[in-house]
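Trainee: Numbering (the working numbering), first residue to last: 99 to 343.
Beta carbons: idealized from backbone N, C-alpha and C, even for Gly.
(1) Rounded to whole angstroms, how far is the Cβ of residue 163 from the Cβ of residue 340, which I believe are closer than 8 Å?
(2) Quick one: using the 10 Å Cβ neighbour count with 16 as the cut-off for buried, is residue 253 buried or exposed?
(3) How big is the Cα-Cα spacing for residue 197 and residue 223?
(4) At which residue ranges does the stretch 110 to 179 contain complete beta strand (DSSP E) runs of 3 or more residues, listed in the order of the chain?
(5) According to the neighbour-count rule (16 or more other Cβ atoms, all chains shown, within 10 Å of its Cβ), is residue 155 buried or exposed?
(6) Classify residue 262: buried if its beta carbon has 16 or more other beta carbons within 10 angstroms, exposed otherwise.
(7) If we ignore side chains and look at the alpha-carbon of each, how far apart do residue 219 and residue 136 end up?
(8) Use the C-beta contact count for residue 185: other C-beta atoms within 10 angstroms, 16 or more gives buried, fewer gives exposed.
(9) Can you tell me whether DSSP reads residue 331 as helix, strand or coil?
(10) I'd like to confirm the pairing. Which residues does DSSP put opposite residue 229 in its beta bridges?
(11) Does residue 197 come within less than 8 Å of chain D when only Cβ atoms are used?
(12) So residue 289 is in the beta strand (DSSP E); what residue range does that whole segment cover?
(13) Looking at the secondary structure, which residues open and close the beta strand (DSSP E) in which residue 244 lies?
(14) Measure the C-alpha to C-alpha separation of residue 272 and residue 265 and round it to an integer number of angstroms.
(15) Have a look at 151, 144, 177, 139 and flag the residue whose alpha-carbon is nearest the alpha-carbon of residue 159.
(16) Give the straight-line distance between the Cα atoms of residue 332 and residue 259, rounded to the nearest whole angstrom.
Here's what the structure looks like:
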C-alpha cells in the first residue's frame, strides 16, 4: 500500500527546509535560496488568541495575494505570512472549491489575500502548461531539513532551495523523484515545505503538496516521490479571484 504524507509542521516548532544531497555543502542550498527569498512566504496558521498551530510555505504572486496549498490554508482559522521582510496578516482565505482532504495533490491550492500590500516590484509569472517529463525544476520552502540519505532531521528556520527533475505528470500533479545526483542541486520537499513554489523555465509551475512511497515511514529520503499541484490547471481559478488586484 502506498504511503502519503502532507508537508506542514504542526505545533509550535519551527518549520524549516527540505532534504539535500549529501555530497553538496548545505551552504549552497542556503545561497541558492536567496534568489527566491523576496517572494517566498513563511506561513503561520493561527487559531483563537493568535495561537500558532502550524508552519508552512507560500509564494507571493501579486501585491495582495499569496498562493499556497489548500491543506495549509484549511488547517487554521486565519494565517500570518512573513514575506518581503514584513509580517502581514491575512484578511481572506480562498480554498479551491474542488479540493477534498485526503486526495493528495488534486486541487490542493489556495489563495491568501493580505491585509496590506506585499510591495514587491516583480512577482513570478504563472506557468501556462508547458511543463513536461524530464524538465529541470527549482523548488523552495521552509521545510525541515536533512540529508537525502537519512531524511529530514533538523529545524533551523532557514529558507532553502534546490533542483529536481519532473518524473511524470499524473493528472493534476507534478511528480518528482528524490535521488542523489540526479539534478545539479537535488532537493526533496519535507514537512513545512507545503505551499511553496516549484518553478520550470522561470514560471511558477507547481505548489508543494505531499511526499509518497510504496511504504513508510516517509522521511523525504532517496527513493521517495514528491507531489506538486499543477498551477497551469488552475490559472483561470486564480485569475478569476484576484482579477486586476
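Mentor: In brief:
(1) 5 Å
(2) buried
(3) 23 Å
(4) 138 to 145, 149 to 160, 163 to 166
(5) buried
(6) buried
(7) 10 Å
(8) exposed
(9) helix
(10) DSSP, once it has assigned bridges, lists no residue as partnering residue 229.
(11) Of the protein chains in the structure, only one exists, and it is not chain D.
(12) Element bounds for residue 289: n/a, residue is neither H nor E.
(13) 243 to 245
(14) 8 Å
(15) 139
(16) 24 Å
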